[in-house]
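Student:
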Amino acid sequence: MEEVKLLGFWPSPFSHRVIWALKLKGVKYDYLEEDLPNEKSQLLLQYNPVHKKIPVLVHGGKPIVESLVILEYIEETWPENPLLPKDAYARALARFWIQFGLQKAPIFHAFFQTTGEEQEKAIKEAQEVFKILEEKALGNKKFFSGDSIGMVDIAYGWLAYWFSGMEEAVGVKVLNPRTFPRLDSWIQDFKEVPVIKENLPDYANMVTYMKFMREKLTSHLPCHNH
Amino acid sequence: MAEVKLHGRWYSPFLYRVIWALKLKGISYEYIEEDLSNKSPLLLQYNPVHKKIPVLVHSGKPICESMIIIEYIEEKWPQTPLLPSDPYERAKARFWVKFVEEKAPAFWSLYRSTGEEQKKALKDSSETLKIVEEQGLGEKKFFGGDSIGIVDIAFGAIAHWFGVFEEIVEVKVLEAHAFPRLHAWKVNFEEVPVIKENLPDRDKMLDYFKKRRIESLSASQ
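These protein sequence lines map, in sequence, to chains A and B. Just so you know, the first sequence maps onto residues 979 to 1204 in my numbering. Just so you know, the second sequence maps onto residues 3 to 223 in my numbering.
#1: Between A:Glu1054 and chain B, is any beta-carbon pair separated by less than 9 Å?
#2: Opposite B:Ile65 in the DSSP bridges: which residues?
#3: Under a Cβ-count criterion, where at least 16 other Cβ atoms within 10 Å of its own Cβ denotes burial, should B:Glu104 be classed as buried or exposed?
#4: I think A:Ala1104 touches A:Ile1085, with their Cβ atoms under 8 Å apart; what is that distance to the nearest whole Å?
#5: I'd like to know if the segment 57 to 73 of chain B and the segment 106 to 118 of chain B are in contact, where contact means that at least 3 CB-CB pairs between them fall below 8 Å.
#6: Give a yes or no on contact between the segment 173 to 181 of chain B and the segment 1181 to 1200 of chain A, applying the rule of three or more CB pairs nearer than 8 Å.
#7: Does the pairing of the segment 142 to 151 of chain B with the segment 80 to 96 of chain B give three or more beta-carbon distances under 8 Å?
#8: Exposed or buried, which one is B:Asn49 when buried takes at least 16 other CB atoms within 10 Å?
#9: Could you name the residues of chain B that A:Glu1044 contacts, counting a contact when the two beta carbons are closer than 7 Å?
#10: Put B:Leu212 into one of helix, strand or coil per three-state DSSP.
#11: Based on Cα-Cα distance, which residue from A:Glu1011, A:Val1034, A:Leu1049 lies nearest to A:Lys1003?
#12: Restricting to Cα atoms, I'd like to know which of A:Arg1069, A:Thr1093, A:Glu1054, A:Phe1108 is closest to A:His1198.
#13: Who does B:Lys94 pair with in a DSSP beta bridge?
#14: If the cut-off is 8 Å on Cβ atoms, which residues from the segment 181 to 215 of chain B count as contacting chain A, listed in chain order?
#15: Just to make sure I have the definition right: I need the residues of chain B whose C-beta is within less than 8 Å of the C-beta of A:Glu1050. Which are they?
#16: Give the single residue among B:His179, B:Asp154, B:Phe181 whose Cα lies nearest to the Cα of B:Glu192.
#17: For B:Val20 versus B:Ile75, is the C-beta distance shorter than 9 Å?
#18: Tell me the DSSP bridge mates of B:Phe144?
#19: Taking the C-alpha atoms as reference points, what is the distance between B:Leu131 and B:Leu184?
#20: Run through DSSP, which three-state label would A:His1204 get?
#21: Counting only beta-carbon atoms, is B:Pro50 nearer than 9 Å to chain A?
#22: Leaving aside the five residues before and after B:Phe1 along the sequence, list all residues of the same chain whose C-beta is less than 6 Å from its C-beta, in chain order.
#23: Just to confirm, are A:Asn1177 and A:Lys1001 a CB contact at a threshold of 9 Å?
#24: If the criterion is Cβ atoms closer than 9 Å, does the pair B:Arg204 and B:Arg114 meet it?
#25: Are there 16 or more other CB atoms within 10 angstroms of the CB of B:His52, so buried, or fewer, so exposed?
#26: Which same chain residues end up closer than 8 Å to B:Arg15 when comparing Cβ atoms and leaving out the 5 residues on each side of it in sequence?
#27: Could you give the distance in angstroms between the alpha-carbon of A:His1204 and the alpha-carbon of A:Ser1123?
#28: Find the nearest neighbour of A:Glu1012 within the set A:Trp998, A:Pro1027, A:Val1028, A:Pro989, judged by alpha-carbon distance.
#29: Give the DSSP-derived three-state secondary structure of B:Tyr13 in the structure shown.
#30: Taking A:Lys1040 as the query, report the chain B residues whose CB atoms sit under 8 Å from its CB, ordered along the chain.
#31: Using a C-beta to C-beta distance shorter than 7 Å, which residues of chain B count as neighbours of A:Phe1074?
Okay, here's the thing in structure tokens:
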């Protein structure tokens, strides 16, 4: 069995996508923590010269980068406990929703990194995204992938845990359980899945980190909230 | 044989990616031109989230987003594979597809903007071309190796339309002396019969995009 290593960063939701996929499939791996606030390791720069980012999965010495690309690689290499449906059309739909999350990421960056009018706009757009996710992606299903979690749920994992940390750091609640009851149910159910529950960063530490990042990203802006 | 329909707009690079994939695999399909200024109820039904083309409709079921459509086509029609068979090589291909998609806005920006914004687009697109040439293409003839694959299709659309934009804004970026291997790749890519025979009319493109640029720049005054 070839060696599997994962270069990650403890508060990163992208790192956690890979951890969850590996754990769900029972793949053993060595975890290497990157000291990101300080210096990027030589190993990281060698494995990911284009983006210089984690996560990096290293399988038999060969690096794979970009969390969503890594998920597809894991799915193909370890087919047990599939994270994507068998049917090609259902797979296309799953990929569509994963892509949708990626396309809307700038909205959430704006929510976290701006203040004032720009942030107001981001909040409205974020709520539109939640509405679409609830009505069109989740529907009446327990998870995005059906009765058990799959790649789409893993891709949106940040929303189930990290987003409330962002809300706390910003000081604004956007994902109101009364406005988005089905999404809220999904969040609670997702966090209860054993592999997920046992593989999340400490909540208080994550919030502290979010607050630190928020301050760093907005200190140059006028009227920023603490 | 189940029915394949493709909804598109003649000047869309995203449409052409799908056309190339279908043609390379010898898949018959019906093409439906959409009027994007007056979107059809059918388009809105097939793509309610984005309301965009291309949409592939297979046996009545719609698939949206060009690269997702291509992954679907690859799975349903495995002949003339567009992705390598080895999972690691597939991961590399998907990495480059993601990379060019992420960096594409700079290429459109060169066409859409002026002044400082355009200067930035010039810088960004040059940096992207350098990375793509050195780390994506390397010494290969095509991104897919000896024959074209998914990365060639993804980037080929961006590069071809970029060529039209370069002509309109009179700024040359993807030049032989600056990017010798990438330039050669583009020439080779556009010589592949399926690609060569499936490109929108260049004069029509120049005319359309010139008009659109004038309209959008005057609207933003």
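Every residue gets a Cβ at the ideal spot worked out from N, C-alpha and C, and that includes glycine.
Tutor: Quick look at the numbers:
#1: One-based indexing of the first sequence puts residue 1054 of chain A at position 76. For A:Glu1054, the answer is yes, since a Cβ of chain B falls inside 9 Å of its Cβ.
#2: The residue given as residue 65 of chain B occupies position 63 in the second sequence. Per DSSP, B:Leu58.
#3: Taking the second sequence and counting its residues from 1, the one referred to as residue 104 of chain B is at position 102. Under this definition B:Glu104 is an exposed residue.
#4: For the purposes of this step, residue 1104 of chain A is taken as the residue at position 126 of the first sequence. For the purposes of this step, residue 1085 of chain A is taken as the residue at position 107 of the first sequence. Between A:Ala1104 and A:Ile1085, the beta carbon gap of about 5 Å places them in contact (Cβ cut-off 8 Å).
#5: Output reads no: the segment 106 to 118 of chain B does not touch the segment 57 to 73 of chain B.
#6: No, the segment 173 to 181 of chain B does not touch the segment 1181 to 1200 of chain A.
#7: yes
#8: By 1-based counting over the second sequence, the position of residue 49 of chain B is 47. The residue is buried, with at least 16 neighbouring Cβ atoms inside 10 Å.
#9: Counting from 1 along the first sequence, the entry for residue 1044 of chain A is found at position 66. The answer, in chain order, is Phe97, Lys100.
#10: As a position in the second sequence, residue 212 of chain B is number 210, starting the count at 1. A small fix is needed here, since residue 212 of chain B is Lys in this sequence, not Leu. Reduced to three states, the DSSP call for B:Lys212 is helix.
#11: Within the first sequence, residue 1003 of chain A is the residue found at index 25, counting from 1. Of the listed residues, the one whose Cα sits closest to A:Lys1003 is A:Leu1049.
#12: As a position in the first sequence, residue 1198 of chain A is number 220, starting the count at 1. Selected option, being the one with the closest Cα: A:Thr1093.
#13: If you number the second sequence from 1, residue 94 of chain B lands on position 92. Note: B:Lys94 sits in no beta bridge, so no partner.
#14: none
#15: Locating residue 1050 of chain A in the first sequence gives position 72, counting from the first residue. Going along chain B in sequence order, the residues near A:Glu1050 (Cβ under 8 Å) are Arg92, Ala93, Arg96.
#16: What you label residue 192 of chain B is simply residue 190 of the second sequence in a count that begins at 1. Across the set B:His179, B:Asp154, B:Phe181, the C-alpha of B:Asp154 shows the shortest separation from the C-alpha of B:Glu192.
#17: By one-based count along the second sequence, residue 20 of chain B stands at place 18. By one-based count along the second sequence, residue 75 of chain B stands at place 73. In this structure, B:Val20 places its C-beta atom within 9 Å of the C-beta atom of B:Ile75.
#18: Residue 144 of chain B sits at position 142 when you count from the first residue of the second sequence. Beta-bridge pairing links B:Phe144 to B:Gly147.
#19: Start at 1 with the first residue of the second sequence, and residue 131 of chain B comes out as number 129. Start at 1 with the first residue of the second sequence, and residue 184 of chain B comes out as number 182. Each residue's Cα considered, the two are about 8 Å apart.
#20: In the first sequence, residue 1204 of chain A corresponds to position 226, counting from 1. Only weak support exists for where A:His1204 lies, its pLDDT of 46 falling under 50; the value from the coordinates is given anyway. For A:His1204, the secondary structure class from DSSP, reduced to helix, strand or coil, is coil.
#21: Looking up residue 50 of chain B in the second sequence gives position 48. Yes, because at least one Cβ of chain A sits closer than 9 Å to the Cβ of B:Pro50.
#22: With chain B represented from 3 up to 223, any question about residue 1 of chain B goes unanswered, as that position is not in the structure.
#23: The residue given as residue 1177 of chain A occupies position 199 in the first sequence. The residue given as residue 1001 of chain A occupies position 23 in the first sequence. In this structure, A:Lys1001 lies closer than 9 Å to A:Asn1177 by Cβ.
#24: On the second sequence, residue 204 of chain B is found 202 positions in, with the first residue counted as 1. On the second sequence, residue 114 of chain B is found 112 positions in, with the first residue counted as 1. The Cβ atoms of B:Arg204 and B:Arg114 do not sit closer than 9 Å to each other.
#25: Your numbering for residue 52 of chain B matches position 50 in the second sequence. So B:His52 counts as exposed.
#26: Counted from its first residue, the second sequence places residue 15 of chain B at position 13. A small fix is needed here, since residue 15 of chain B is Pro in this sequence, not Arg. Excluding residues within five positions, the ones whose Cβ falls inside 8 Å are Ala159, Ile160, His162, Trp163.
#27: On the first sequence, residue 1204 of chain A is found 226 positions in, with the first residue counted as 1. On the first sequence, residue 1123 of chain A is found 145 positions in, with the first residue counted as 1. Residue placement at A:His1204 cannot be trusted, given a pLDDT of 46 that sits under 50; the coordinates are not used to answer.
#28: The sequence position of residue 1012 of chain A within the first sequence is 34, counting from 1. From the listed residues A:Trp998, A:Pro1027, A:Val1028, A:Pro989, the smallest Cα separation to A:Glu1012 is found for A:Pro989.
#29: On the second sequence, residue 13 of chain B is found 11 positions in, with the first residue counted as 1. Note: B:Tyr13 maps to coil in three-state DSSP.
#30: Within the first sequence, numbered from 1, the residue matching residue 1040 of chain A stands at position 62. Within 8 Å Cβ-Cβ: Tyr90.
#31: Walking along the first sequence from the start, residue 1074 of chain A turns up at place 96. Those are Cys66, Glu67, Ile70, listed as they occur along chain B.
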